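S.K.: Okay, so the sequence shown: first residue is 1 according to the working numbering, each after it adds one.
Cβ atoms here follow ideal geometry from the backbone N, Cα and C, with glycine treated the same way.
Computed from a prediction, not measured in an experiment: that's the story for all the values here.
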Amino acid sequence: MAFIPLNKTNDNPLEFYSERYTTSAADSKWISQRIGGTFPVSYELNSQGIVSDPEFLREVDKFSEWLASNKEVLHVSSLSKIMKNLNKTLHGKQEEWNIIPTEPDLSAQYLFFYEMSLPYGLDLTNSISQNKESIKLVASLKELGSLEYREFAKKVENYASQNMPEDMVSIGTGTRPIFAFMSNMLITQLTYALGIGIVLITATIILFFRSLRYGMLTSVTNLLPIGVAFGIWAIVSGEISMLVGIGMGTTLGIIVDFTVHFLSKYLHARRQKNLSAEEAVEYAFETVGFALIITSFSLILGFLVLLQAFFIPIHGFVLFSSIAFLSALIIDLLLFPALLITWDKRYNH
1 MAFIPLNKTN DNPLEFYSER YTTSAADSKW ISQRIGGTFP VSYELNSQGI
51 VSDPEFLREV DKFSEWLASN KEVLHVSSLS KIMKNLNKTL HGKQEEWNII
101 PTEPDLSAQY LFFYEMSLPY GLDLTNSISQ NKESIKLVAS LKELGSLEYR
151 EFAKKVENYA SQNMPEDMVS IGTGTRPIFA FMSNMLITQL TYALGIGIVL
201 ITATIILFFR SLRYGMLTSV TNLLPIGVAF GIWAIVSGEI SMLVGIGMGT
251 TLGIIVDFTV HFLSKYLHAR RQKNLSAEEA VEYAFETVGF ALIITSFSLI
301 LGFLVLLQAF FIPIHGFVLF SSIAFLSALI IDLLLFPALL ITWDKRYNH
């Protein structure tokens with residue numbers, strides 16, 4: 001349980017598919033390693049006026065140069081680079097003219113000249129808004145996991161808030177940001193849902209078995225296997241993908257099922273057969289113990305077959321679920337009986 005904080009949410013779309021089963025995975029990795037930019041990130045920069053304004057273009061150039069200086073960035077495509085290249089070209093390709101034009105009229109003429117010189121069917125609508133008030137800046141990134149991208153996005157946000165005009169730079173958009181924040185958001189929401197689920201399940205058990213004491217006790221055995229699974233997962237991997245987070249919710253039903261089966265037989269022995277706590281535990285073991293073991297290993301072996309799947313994230317789901325099932329079995333057969341006997345003796349005395 002102490003290792004749980006070591007887990008970090010992380011997904012990498014380039015590692016979703018096994019290279020043994022599909023060439024697209026190998027091709028994507030080859031492109032990412034040798035060319036890069038498999039998942040570009042786009043930023044909208046608002047000029048609060050017109051995009052050809054030299055002051056705005058200098059801010060864009062400053063942001064572009066800063067982005068390019070980061071180790072995560074391979075290439076940056078922006079309007080400021082185009083304007084600098086135009087200025088340099090129209091001054092005989094002299095390096096000292098590789099700067100943003102200083103005159104607003106000249107800058108506007110450069111932009112108009114560039115747009116008019118584009119081949120037929122091409123225009124700047126993919127990088128400049130229709131009203132000419134904002135532009136799109138594209139950064140091609142190295143292969144980053146979700147955790148690495150969130151750290152990069154936070155760095156960009158901090159730089160923009162401290163060095164750029166207010167509300168000038170938008171958050172990054174694209175496939176990479178979607179995957180990076182979707183997994184984190186999903187796991188956060190699933191954690192909240194797990195807490196609510198435990199409360200509702202505990203309340204249902206309290207009503208069904210007509211005992212607040214036993215109901216509260218089951219909340220421990222229902223939640224503990226998932227906590228143990230996350231602790232072990234921190235040692236085994238430490239990276240929680242979306243499907244590992246989903247496994248947290250899907251395994252809860254089986255874990256609760258184990259607890260309810262054992263508790264129902266225990267209470268049947270205590271209430272209907274008037275057995276002692278120790279005898280009631282023995283009765284529960286005799287009636288459902290073997291069934292719980294068979295069910296657990298049947299589920300684990302059935303899940304492990306999915307390790308042959310070419311969709312790599314399913315492997316994490318399978319392994320996490322198997323750890324949770326095994327933890328639930330051990331807790332229900334070793335810890336839960338001890339808790340029942342201890343609580344019953346304390347309550348009766």
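Which ranges would you report for the alpha helix (DSSP H) in the region 67 to 124 if only whole runs of at least 4 residues count?
M.R.: Counting only runs of 4 or more, we get 79 to 89, 104 to 116.
S.K.: Smallest Cα separation from L263: which of L299, L335, S322?
M.R.: Of the listed residues, the one whose Cα sits closest to L263 is L335.
S.K.: Return the Cβ separation of L329 and I293 in integer angstroms, given the expectation that the two are a contact with Cβ distance under 8 Å.
M.R.: L329 to I293, Cβ: 7 Å. Contact.
S.K.: Any idea which residues DSSP pairs K8 with across the strands?
M.R.: DSSP, once it has assigned bridges, lists E239 as partnering K8.
S.K.: Determine the direct distance from the alpha carbon of R346 to that of L275, and round the result to whole angstroms.
M.R.: Using only the alpha carbons, I get a separation of about 16 Å.
S.K.: Helix, strand or coil for K345, going by three-state DSSP, please let me know.
M.R.: In the structure shown, K345 sits in a helix (DSSP, three-state: H, G or I).
S.K.: By how many angstroms is the C-alpha of S78 removed from the C-alpha of V60?
M.R.: Answer to the nearest angstrom: the Cα atoms are 8 Å apart.
S.K.: Throw me the rounded Cβ distance for the I100 and K88 pair, which I believe falls under 8 Å.
M.R.: Not confirmed; about 11 Å, so no contact.
S.K.: Hey, could you find the ends of the beta strand (DSSP E) L390 is sitting in?
M.R.: A query on residue 390 cannot be resolved here, the shown segment of the chain reaching from 1 to 349 and no further.
S.K.: Helix, strand or coil: how does DSSP classify S161 here?
M.R.: S161 falls in the helix class under three-state DSSP.
S.K.: Just to confirm my understanding: we take L57, look at its own chain, exclude 5 residues before and 5 after, and list those with CB closer than 6 Å. What are they?
M.R.: Hits under 6 Å: S80, M83, I100.
S.K.: Roughly how far, in whole angstroms, is the beta-carbon of T218 from the beta-carbon of I205, given that I think they are within contact range, below 8 Å?
M.R.: T218 to I205, Cβ: 5 Å. Contact.
S.K.: Classify I300 as helix, strand or coil using the three-state DSSP reduction.
M.R.: The answer is helix: DSSP assigns I300 an H, G or I state.
S.K.: Taking only three categories from DSSP, how would you classify T259?
M.R.: Three-state result, T259: helix.
S.K.: Under the three-state reduction of DSSP, which class applies to L45: helix, strand or coil?
M.R.: Strand, per DSSP.
S.K.: Could you tell me which of I246, F16, E278, D11 sits nearest to A324, measuring between CA atoms?
M.R.: For A324, the nearest C-alpha among the options comes from I246.
S.K.: Determine the contact status of V138 and S42, defining contact as a CB-CB distance below 8 Å.
M.R.: In contact: V138 and S42 (Cβ atoms closer than 8 Å).
S.K.: What residue range is occupied by the uninterrupted alpha helix (DSSP H) comprising A284?
M.R.: Where A284 is concerned, the enclosing alpha helix (DSSP H) stretches over 277 to 284.
S.K.: Return the first residue and the last residue of the alpha helix (DSSP H) that I205 is part of.
M.R.: That run of the alpha helix (DSSP H) goes 175 to 209.
S.K.: Going by DSSP, what residue range makes up the alpha helix (DSSP H) through S52?
M.R.: Neither: S52 is in no alpha helix (DSSP H) and is coded neither H nor E.
S.K.: Using only the alpha-carbon positions, how far apart do L307 and P40 sit?
M.R.: Rounded to whole angstroms, L307 to P40 spans 31 Å at the Cα level.
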